Structure formats: C-alpha cells, structure tokens
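Participant: Quick one: the structure is below, and I'll ask about it shortly.
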Amino acid sequence: MPFQFKKKGLRREIPKDLILRAIEEVSKGSKIKTTADKDQITIEVAEVVTPEIVRPYPKACSRKLIKNSRKKGKTRILTDTPEKRLIELAEQERQSKNKTKRERQEKKVLKNTEKKQIPKLPPELTSNRVKKRKMSSSDSDVENVSFADCSEGSFVEEMSEEDLDEDDVIMVDRNFQINDFVLVMFNTKKIVVHYVGQIVEISHTMATIKFMRLSKIRNTFFFPDVDDIASVPLEDIKTKLPIPKTCNKTKRGNSKYTFDKPLWVITNLR
Numbered sequence: 001m002p003f004q005f006k007k008k009g010l011r012r013e014i015p016k017d018l019i020l021r022a023i024e025e026v027s028k029g030s031k032i033k034t035t036a037d038k039d040q041i042t043i044e045v046a047e048v049v050t051p052e053i054v055r056p057y058p059k060a061c062s063r064k065l066i067k068n069s070r071k072k073g074k075t076r077i078l079t080d081t082p083e084k085r086l087i088e089l090a091e092q093e094r095q096s097k098n099k100t101k102r103e104r105q106e107k108k109v110l111k112n113t114e115k116k117q118i119p120k121l122p123p124e125l126t127s128n129r130v131k132k133r134k135m136s137s138s139d140s141d142v143e144n145v146s147f148a149d150c151s152e153g154s155f156v157e158e159m160s161e162e163d164l165d166e167d168d169v170i171m172v173d174r175n176f177q178i179n180d181f182v183l184v185m186f187n188t189k190k191i192v193v194h195y196v197g198q199i200v201e202i203s204h205t206m207a208t209i210k211f212m213r214l215s216k217i218r219n220t221f222f223f224p225d226v227d228d229i230a231s232v233p234l235e236d237i238k239t240k241l242p243i244p245k246t247c248n249k250t251k252r253g254n255s256k257y258t259f260d261k262p263l264w265v266i267t268n269l270r
C-alpha cells in the first residue's frame, strides 16, 4: 500500500532532493519505489522477504509408528498337493536353519573347551604310577620300580605294580603315638582325599596332626613353610606309616621325606 506525504504549511520547507536521497539510503537492499510530484511524494514498498519465507518452520513427523503388519491370510486347503508341498519346503528350511545354528554352537563350545584344557605334566613330575621300563632281553620279564633318590642312597624294588594295592600300605597296628607319621583320610562331599602328616598331640578320641605336602617326586613329601596343623578324629587316621628317610632339601631349605611304602597306590593323595 503506497504511503503519501503531503505538505501542510511547514515553516521551513525541506528540499525535495534531500528527501529523495534519504529515502534511497534507507531503502537500500529493499524493493522500494519512490515517485515525487510537485506537491507530494509517493513511496511504494514491495513485499518484504522474511526468514520464514526463505526457510519455513519444520513440520513435525507423524507420531503414528509404522509396525510390521502381519501377512494377510488366505483360505487354503492344506491337503492340496501344491499347498502341502509349500508347507513341507517351509518346514525343511526351518529344520536346516536350526541344524546350522546348532552346529555353530557346538563348534563354539568345542573351541572354548579346547582352550580351557590344562596341559599335562611330564610323567616324571606326576605322582601317578611310574611307567614300566623293560629291561634287556635277559631281564625282559623283570620290571624295575624306581623311587626318589635320597642322600643316604636309592633303593630299587623289583615288583609288579599291578599287584600293589592299598593292603600293601595299610598296617594293622593302630597304636598311635606322638611323632608317628600317619595317613589321614578326609571325606568331602564329592571325593575322598588323603594326606600324610605327623602326630603332634594325641588323646583318646582326637589327634593333632602337622600335615605334609606331596612332592613332584613320587613317594616323597615335605612340610610346607607355613605349618598346616589340624585336629582330626582317630577314626579318620587310616594307617600308621613307617619312619621315612630324609632326602635332599627343597629350595627353601625344607627336608624331604621318602617312605618305604607304595603310597602312590592311594587314591587322591595330596
């Protein structure tokens, strides 16, 4: 809409060219048309471009979530040959996917199991039965069982390990005294374990025992750095052991003891 300014008897008249120059300075960058007549000045202002016109306000998206619609059902005759064949193919595909998934899981479990396997120690470091060694042709029928080397000397017994059992270790004598070496049985929830120890104190029903530890050398034991002492009932003492022989000391100076009994036949000896 054009704006019109009329002269109304101003005391001091403003020059028309000055007014036009001022309007030009103000209207720079805008589409403003000015016309000047003798008695009036007409200004036409075009439509102003606002930021809303250049970039309108964003519209909110639809709040209705698009869900996976179920496939439309149709009437089928399941006993019809084409329909029956389609059902069989779908079932075979499902079974194939399940089989592939099951095989992948089995491979994964097998791989994890192989990683967790503990490497076995060499036979000479375990407390299991010593591997039989065949002698020369003249002594092929004789088997040699080697025990730990002691400072006093080594002893070799020629016997068949298959003939050894716990009866060769168990003694009928149960007259326990202080400083006797004994074999103690501990019955846990799952297994029965055995320990070798020395009697420190004894009463009518209980005995205080200082326990030993099994060495890597078979049939050889030693006392740990920290004494392992506990009280056990006399009925848990399985047998009395013979006086052991003292062998070479450990790295920490503890003496090793070797018994003249096939203790390796005892199950779960610790």
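Under the UniProt record's numbering, the first residue of the sequence shown carries the number 1, and numbering increases by one thereafter.
Yeah, the Cβ is synthetic: ideal placement off N, Cα and C, and Gly gets one too.
This one's a predicted model, so the numbers in the text were calculated from it and none came from an experiment.
1) DSSP three-state call for Ile199: helix, strand or coil?
2) Nearest to residue 280 by alpha carbon, out of Ser231, Asp17, Phe223 and Arg76?
3) Could you compute how far the alpha carbon of Lys107 sits from the alpha carbon of Gln95?
4) From this set, Pro244, Asn248 and Ser255, which residue's C-alpha is nearest Pro262's C-alpha?
5) Could you spell out the range, first to last residue, of the alpha helix (DSSP H) harbouring Pro51?
6) For Lys210, write down the residues that DSSP places opposite it in a beta bridge.
7) CA-CA distance, Asn248 and Lys111?
8) In terms of residues, what are the limits of the beta strand (DSSP E) holding Tyr257?
9) Exposed or buried, which one is Ala207 when buried takes at least 16 other CB atoms within 10 Å?
10) Whole angstroms is fine: what's the gap from Thr24's alpha carbon to Asp17's?
Facilitator: This is what the structure gives:
1) strand
2) Residue numbering for the chain in the displayed model covers 1 to 270; residue 280 lies beyond these limits and cannot be assessed.
3) 18 Å
4) Pro244
5) Pro51 to Val54
6) Gln198 and Ile229
7) 44 Å
8) Ser255 to Thr258
9) buried
10) Position check: residue 24 holds Glu in this sequence, whereas Thr was assumed. Cα to Cα, Glu24 sits roughly 11 Å from Asp17.
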